[in-house]
Amino acid sequence: MSQNEFIIGELVSYGTNGLCTIENIEMMSMVSDEPEMPYYVLKPESSSLSTVYVPMHNEKLVSRMRKLLTPEEIKQMVSDTVTEQIKWNNDRRYRNDSFHNILNNGVSKDMLLMIQCIEKRKEDLTVEGKKLPTTDTTTLKQAERLVSEEFSKVLGIDKDQIEDYVLSIIESIE
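First residue of the sequence shown? That's 1 in this note's numbering, and the numbers climb one at a time after it.
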């Protein structure tokens, strides 16, 4: 996505920071001997005390910024999860890396599938009298926060209604 597609005041999604407002575009240098370069100045909605600086010349970091999903894209994304799944990987390192990449890419079909995968594993472990590892619990909470934040904002419904919304789409397909 081209840096020119974002404007000051726009609400965007930025990786694990979730919803952010583009507060400004400022010239700055993060290293004293480098010339000043333009940076997006982002204010995450979930943390009013935080500020995120995204160098406009860094395509990898700018690519993590995206416009919010539309209601139609959300509905399609949820619908697409009905016939797909992510299988649980017992290799903790591989699983953490894979889940970390999904989180960094923001709300997507893969994130919804990851949530389903972790929830299923959590249910299976509960039956066995065990708990989900802390890293997976943290990943699940972070993913659920990102999804509920964006879905709530785009759909104009309360965060506590997101699960019912998702279930209604799934039930209409099955």
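Positions of the beta carbon are idealized from the N, C-alpha and C atoms, including for glycine.
Check	Outcome
C-alpha gap between R64 and N17, whole angstroms	10 Å
Same chain only: Cβ atoms within 6 Å of E23, ignoring 5 sequence neighbours per side	V41 and K43
Alpha carbon of G156 to alpha carbon of V147, nearest angstrom	13 Å
N-terminal and C-terminal residue of the alpha helix (DSSP H) that I115 is part of	K109 to V127
Distance, P35 Cα to S13 Cα	28 Å
Enclosing alpha helix (DSSP H) for I102 [first to last residue]	R92 to N104
Residues near N104 in its chain [Cβ-Cβ closer than 8 Å; skip 5 each side]	G15, T16 and R64
Between the CA atoms of R145 and I8 - distance to the nearest angstrom	25 Å
Residues that L42 bridges to, as DSSP identifies them	I22 and V52
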